[in-house]
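Following: one structure in structure tokens, then a few remarks.
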Amino acid sequence: MTAELSTVNNDLVILHREAHGHLKLNRQSPDYGFARDSVTVALTVAELPAACAEYPCVMARQPDGALSLLAVTGLQAGHNLFVAADGAWQGQYLPATLATWPFRLVRESDDGRFLVAVRPEALNPSVGDPLFNAEGQELPWLLERLRQLTETDAGMGATTAQLAQLDAAGVLVDRSLQVILPDGRDLELHGFMTVDEARLQGLPADTVHALHTSGALTLAYLHLLSLRQFRQLVARSGELAKQAALQEAQQLAALNGQAGPLAQAESVAVPAAKTT
Numbered sequence: 201m202t203a204e205l206s207t208v209n210n211d212l213v214i215l216h217r218e219a220h221g222h223l224k225l226n227r228q229s230p231d232y233g234f235a236r237d238s239v240t241v242a243l244t245v246a247e248l249p250a251a252c253a254e255y256p257c258v259m260a261r262q263p264d265g266a267l268s269l270l271a272v273t274g275l276q277a278g279h280n281l282f283v284a285a286d287g288a289w290q291g292q293y294l295p296a297t298l299a300t301w302p303f304r305l306v307r308e309s310d311d312g313r314f315l316v317a318v319r320p321e322a323l324n325p326s327v328g329d330p331l332f333n334a335e336g337q338e339l340p341w342l343l344e345r346l347r348q349l350t351e352t353d354a355g356m357g358a359t360t361a362q363l364a365q366l367d368a369a370g371v372l373v374d375r376s377l378q379v380i381l382p383d384g385r386d387l388e389l390h391g392f393m394t395v396d397e398a399r400l401q402g403l404p405a406d407t408v409h410a411l412h413t414s415g416a417l418t419l420a421y422l423h424l425l426s427l428r429q430f431r432q433l434v435a436r437s438g439e440l441a442k443q444a445a446l447q448e449a450q451q452l453a454a455l456n457g458q459a460g461p462l463a464q465a466e467s468v469a470v471p472a473a474k475t476t
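At position 164 of the sequence shown the residue is numbered 364 (our numbering), and the sequence of numbers has no breaks.
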């Protein structure tokens, strides 16, 4: 299992009113195609109540040793089950790290300040909403996006702290998961961690109290609740595979001058800071 979005930190430039003042962002039809190859999306603990109802939410240890909370969005490397062919997000809940895209906070090496960065190819000169007004000031929608960005960044810090508490309590364990897809193929997911429920139940009272006070105990139980969504993820994979097969059959039939099977298959459907 991929532990992080591979594209999130690449190809960013500092947002600048002079360089980007003439550009726009199409907020009406956002393109999440950059996440197409990722099977996880980073979450904050504040997102768990919504995210756990749709995605399996697990933990992964990053190269620096810190732990991340991740929504699992795919079962096979390079195939996100929630990104449509046109780049639309097909989940009911959109994780904050995607909702704030194409903006990110980056730390200046000199004084540690955070600056706002943007992925320039997400902007264009003609379609969407401008970022700045004629005086070079951020427009209200951009200010709100930057507020969300700052809030999400702070939430990541709080999430890391709570995960560290669970780790110190000894309840996080490495896991792998054997999945049988609807077409009969076997897949093994690995590289993630979950809470061991037996260990959690066996913690001394003072540790449980500390986890409860910090919010880490709620995180643990919402995470455990989310694991049932693996079944829904497998079912979603099967539905998408079925739809892809029907589309391929229709295309082949069209090439042969025949009516495609999709005409009889209408019931098949995809489940659903600072600028310078």
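Note that the Cβ used here is the ideal one computed from N, Cα and C, for glycine as well. Small disclaimer: the values here were computed from a predicted structure and weren't measured.
Per DSSP, reduced to three states, the secondary structure at H222 is coil, with no helix or strand assignment. In this structure G233 does not touch G278 by the C-beta definition: roughly 13 angstroms separates them, more than the 8 angstroms allowed.
The stretch 304 to 389 contains, as complete alpha helix (DSSP H) runs of 4+ residues, the segments 340 to 368 (chain order). According to DSSP, residue pairing for A260 in a beta bridge involves S268. In terms of CA proximity to E254, L424 leads the group K442, L424, V408 and A454.
Assignment of L212 by DSSP, reduced to helix, strand and coil, places it in the coil class. Ranked by how close their Cα comes to the Cα of Q365, the residues Q429, S414 and Q450 have S414 in first place. Close CB contacts of T300 within its chain, under the 7 angstroms cut and outside five residues either way in sequence, are with R345, Q348, L349 and T352 (chain order). The C-beta of P340 has fewer than 16 other C-beta atoms within 10 Å across all chains shown, which makes the residue exposed. By alpha-carbon distance to L298, the top candidate from D367, V318, H222 and G402 is V318. Closest in C-alpha terms to L215, from the list C252, L267, L331 and A435, comes L331. Between L243 and P302, the CB-CB gap reaches or exceeds 8 angstroms.
For the pair L323 and L225, the CB atoms are nearer than the 8 angstroms cut-off. Put simply, of L377, H409, A285 and F392 the residue whose alpha carbon is nearest the alpha carbon of V434 is L377. The Cβ-Cβ distance between L281 and L389 does not fall below 8 angstroms. In this structure, DSSP gives Q276 an extended state, which the three-state scheme calls strand.
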